[in-house]
Amino acid sequence: MQREQNDLDARLQNAMFGLPVLNPDEQHRYLGTFHERIELRITFEQALRYDFTPALIALFKNPITYQLLLHGQLDMDVMGRYIRLANQQQVRFAIKNSQFYHHTASSSAIILCTDHAIDRETIDAQQRCPKIVQP
Numbered sequence: 002m003q004r005e006q007n008d009l010d011a012r013l014q015n016a017m018f019g020l021p022v023l024n025p026d027e028q029h030r031y032l033g034t035f036h037e038r039i040e041l042r043i044t045f046e047q048a049l050r051y052d053f054t055p056a057l058i059a060l061f062k063n064p065i066t067y068q069l070l071l072h073g074q075l076d077m078d079v080m081g082r083y084i085r086l087a088n089q090q091q092v093r094f095a096i097k098n099s100q101f102y103h104h105t106a107s108s109s110a111i112i113l114c115t116d117h118a119i120d121r122e123t124i125d126a127q128q129r130c131p132k133i134v135q136p
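Residue numbers for the sequence shown follow the numbering used here, beginning at 2 and rising by one.
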């Protein structure tokens with residue numbers, strides 16, 4: 002009887018509050034993925050100022066299956082450029098729209114990630130691609 006009551010309580014909790022999420026703050030910062038799965042992270046400010054397509058093309062040559070995550074609030078011209086690139090390179094992409102995803106100049110606008118942990122020490126596009134951001 003106790004087990005049935007616990008199962009019922011769990012179902013009610015899930016129905017009222019949704020399924021529990023692992024590290025929700027981290028997933029909100031990184032468009033629904035985890036830090037250890039990210040290869041490259043481009044902020045809104047960086048996406049609007051610089052073109053990181055050459056860096057992404059170089060990364061796509063790695064024998065890793067990537068997915069490109071795009072924030073739904075990203076400028077349509079910029080988003081279109083990266084969607085075309087993903088289609089040309091046959092890389093999966095997803096446009097992420099959620100009220101929980103942060104939207105500031107330093108928030109994640111574009112994330113290149115995998116479905117498993119790769120634990121990159123540096124994921125920031127400006128640090129990983131200094132030639133692109135030089136004046």
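Every residue gets a Cβ at the ideal spot worked out from N, C-alpha and C, and that includes glycine.
Computed from a predicted structure; not experimentally measured.
Roughly how many angstroms separate the alpha carbons of residue i and residue j, rounded to a whole number?
i	j	result
D52	D120	24 Å
I114	P55	Before going further, note that residue 114 is Cys rather than Ile in the sequence given. One C-alpha to the other measures close to 17 Å.
N15	I84	35 Å
A95	I112	10 Å
R82	N7	50 Å
Mind checking which residues open and close the alpha helix (DSSP H) that includes residue i?
i	result
I84	M77 to Q89
F45	F45 to R50
Which word fits residue i, buried or exposed, when buried means at least 16 other C-beta atoms lie within 10 angstroms of its C-beta?
i	result
R50	exposed
L32	buried
For the beta strand (DSSP E) that residue i lies in, which residues bound it at each end?
i	result
K97	R93 to K97
I58	Looking at the DSSP string, I58 is not in any beta strand (DSSP E); the run it does join, the alpha helix (DSSP H), is T54 to F61.
Q68	Q68 to H72
I65	Premise fails: I65 is in no beta strand (DSSP E) and is neither H nor E.
I111	S109 to C114
In its own chain, which residues sit with a C-beta less than 8 Å from the C-beta of residue i, not counting the 5 before and 5 after it?
i	result
A97	The question names Ala, but residue 97 is Lys in the sequence shown. If we look at K97 and ignore the five residues flanking it on each side, its Cβ neighbours are L32, G33, L70, L71, H72 and G73.
Please tell me whether, using a cut-off of 6 Å, the distance from the CB of residue i to the nearest non-hydrogen atom of the ligand GTP is below it.
i	result
H29	Absent from the structure shown: the ligand GTP. Ligands present: none.
Exercise. Counting Cβ pairs closer than 8 Å, one from the segment 71-81 and one from the segment 100-114, do we hit at least three?
Worked result: yes
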